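Taking it in order: structure first as structure tokens, then the write-up.
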Amino acid sequence: MSFEKLGVMKALLSAIEKLGYKNPTSIQTRAIPLVLAKSDIFATAQTGTGKTAAFGIPMLQRLRNTIATADRPLRGVILSPTRELSMQIHEDLKSYAINLKLNIAILVGGKDIESQQKILKEGVDIIIATPGRIMEHMQRGLNLKQVEIFVLDEADRMLDMGFVKEIRKIHPELPRRHQTLLFAATFSDKVRKLSRLILTKPAFIESSKRNSTVDKINQIAYMVDRERKAELLAYLIGSRNFRQVLVFTKTKASADYLVEELIKDGLKCGVIHGDKTQANRFKTLTQFKEEKIKVLVATDIASRGLDIEHLPYVINYELPSIPEDYVHRVGRTGRAGRDGEAITLLDIYDKYEIKDIERLIGMKIDKQVIEGFEPNPNIRRKDEDEVKLKSEHKRAEDKKRAKKKAPPRITAKILKTNKKRKTTKRD
Ligand code: AMP
């Protein structure tokens, strides 16, 4: 399959070629024709599968004809959960739209709102925004009444972050006729509930096995005592000569602690978490991408949206609070079909949490011990019984829920009716 055969126009084809994309990825092959046919979409796409281009390329094609009047209307809105992901989408869209005359702007918190308003006044066709910031702009008069395409990227993450109120307020401000594209990295009940609210007869795309991690990533866990994790991490980085490694912690406090420890070991590190300013996060990320720092320690805020070319290693210093975040974390490596390795440092306290993750990804993670770092066999979890019970209860609940609900199915009939229904004046 080629991008041309999917119906992508010349101006976009030459931009894609310049980026070195030879063939469309699986999600792109399925989504591009549907978006061009104006269908609503409900897609579960793993991170790193090329999902930004899957909605971005056909969206740009659909909105290519700019309306260069004095009050140029806003016609495309992309909502994303974090500033980092918004920045990534913005960069990607700009590179695809290089031969088009579209104005694409980013509206995220941490940046001066007045200067964003000034940009909007000059006329913008597409915005990429975080839910909080777009709401602020709407309160200052941002009009969504001429929006033709509304995209929710990483909708599951937005819901986990508590943005459902914002989405519920934004949605009624859109015109009755518009196309909605909902992308979620993992499939949850919350996302399904939202999909029923905002999608009209969507085409359902499941780009690969639900909640599975990218196949090419080699996943391994090392058993170690909690207090020796930092030491083991420094040992792994040094002995295996890791060039560039992204390390995830559960909390901001442990991220700060870990960076201090690694610096003591002589490693060049940076840290990204919610307490860092946007400018600081951007600077650290740039330094990491340019390999000026070897280790980037991050909390889950950074597990989506970070796109680092050829990132070979991701290390889970601590497991995430939500099992789904494991998928997003390890998806930072092995992007666009490349090999990658995800290493998890497991202590006795992670025993049940790792099982939840293994159930989610549908495979067992190989567990090993490194000589010199063997866990102390006398250490036991204090809350063992309570946690075991909780884990079993959760598994039973998940099973019940999975039995009750089956995902919607894409049918030829749905596509046909969508084609008839969705015609806007401008097209
Ligand atoms: P995403 O899942 O959108 O974050 O994309 C992951 C990475 O794949 C990004 O670095 C994209 O530039 C890259 N990419 C997207 N589509 C393709 C393609 N068709 N061929 C090669 N690389 C791609």
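Numbering (this note's numbering), first residue to last: 963 to 1389.
Glycine residues also receive a C-beta, built at the ideal position from the N, C-alpha and C atoms.
As the structure is a computational prediction, the values presented were derived from the model and not from experiment.
Tell me whether residue i counts as near the ligand GDP, meaning its Cβ is closer than 7 Å to at least one heavy atom of that ligand.
i: residue 990; result: Although the ligand GDP was asked about, the structure shown includes only the ligand AMP as ligands.
Please classify residue i: does DSSP put it in a helix, a strand, or coil?
i: residue 1335; result: coil
i: residue 1111; result: strand
i: residue 1378; result: Low per-residue confidence applies at residue 1378: pLDDT is 45, beneath 50, and the placement is therefore not dependable, though the value from the model is reported in the following sentence. Note: residue 1378 maps to helix in three-state DSSP.
i: residue 1219; result: helix
i: residue 1251; result: helix
i: residue 1127; result: helix
i: residue 979; result: helix
i: residue 1161; result: coil
i: residue 970; result: coil
i: residue 963; result: coil
i: residue 1172; result: Since pLDDT at residue 1172 reaches only 39, below the 50 mark, its modelled position is unreliable, and the value read off the structure follows with that caveat. Reduced to three states, the DSSP call for residue 1172 is coil.
i: residue 1184; result: strand
i: residue 1284; result: coil
i: residue 1314; result: helix
i: residue 1324; result: coil
i: residue 1038; result: strand
i: residue 1143; result: strand
i: residue 1019; result: helix
i: residue 1373; result: With a pLDDT of 39 at residue 1373, under the threshold of 50, the predicted position of this residue should be treated as unreliable, and no value is reported.
i: residue 1179; result: strand
i: residue 1132; result: helix
i: residue 1167; result: strand
i: residue 984; result: coil
i: residue 1044; result: coil
i: residue 1156; result: helix
i: residue 1319; result: helix
i: residue 1291; result: helix
i: residue 1138; result: coil
i: residue 1028; result: coil
i: residue 1357; result: helix
i: residue 1014; result: helix
Can you find a heavy atom of the ligand AMP that lies under 7 Å from the Cβ of residue i?
i: residue 934; result: A question about residue 934 goes unanswered here, because the residues of the chain that appear run from 963 up to 1389.
i: residue 1295; result: no
i: residue 987; result: yes
i: residue 983; result: yes
i: residue 934; result: The displayed coordinates of the chain run from 963 to 1389. Any statement about residue 934 would go beyond what the structure contains.
i: residue 1010; result: yes
Since residue i is in the beta strand (DSSP E), which residue starts that stretch and which ends it?
i: residue 1104; result: That residue, residue 1104, is in no beta strand (DSSP E); it is neither H nor E in DSSP.
i: residue 1392; result: A query on residue 1392 cannot be resolved here, the shown segment of the chain reaching from 963 to 1389 and no further.
i: residue 952; result: No answer is possible for residue 952: it lies beyond the span of the chain, which begins at 963 and ends at 1389.
Which residue comes first and which comes last in the alpha helix (DSSP H) that contains residue i?
i: residue 1303; result: No alpha helix (DSSP H) holds residue 1303; the beta strand (DSSP E) holding it covers 1302-1308.
i: residue 1260; result: Segment 1257-1260 is the beta strand (DSSP E) holding residue 1260; no alpha helix (DSSP H) there.
i: residue 1149; result: Taken as a continuous stretch (DSSP letters only), residue 1149 belongs to no alpha helix (DSSP H), as it is neither H nor E.
i: residue 1263; result: No alpha helix (DSSP H) contains residue 1263, which DSSP labels as neither H nor E.
i: residue 994; result: 988-998
i: residue 1277; result: Element bounds for residue 1277: not the alpha helix (DSSP H) but the beta strand (DSSP E), 1275-1278.
i: residue 1119; result: 1117-1122
Comparing C-alpha positions only, which one of the options sits nearest to residue i?
i: residue 1066; options: 1074, 1184 and 1078; result: 1078
i: residue 1157; options: 971, 1014, 1002 and 980; result: 1002
i: residue 1311; options: 1185, 993, 1358 and 1084; result: 1185
i: residue 988; options: 1130, 1223 and 1007; result: 1007
i: residue 1122; options: 1112, 998 and 1093; result: 1093
i: residue 1235; options: 1351, 1133, 1260 and 1289; result: 1260
i: residue 1063; options: 1322, 1096, 1028 and 1102; result: 1028
i: residue 1108; options: 1125, 1134 and 1129; result: 1134
Return the chain-ordered ranges of every beta strand (DSSP E) run that is complete within the stretch 1047-1099 and spans a minimum of 3 residues.
-> If we require 3 residues or more, the beta strand (DSSP E) runs fully inside the stretch 1047-1099 come out as 1066-1069 and 1088-1091.
Length-filtered (4 minimum) alpha helix (DSSP H) runs lying within the stretch 1186-1245 | Along the stretch 1186-1245, the alpha helix (DSSP H) occurs as fully enclosed runs of 4 or more residues at 1191-1201 and 1214-1226, listed in sequence order.
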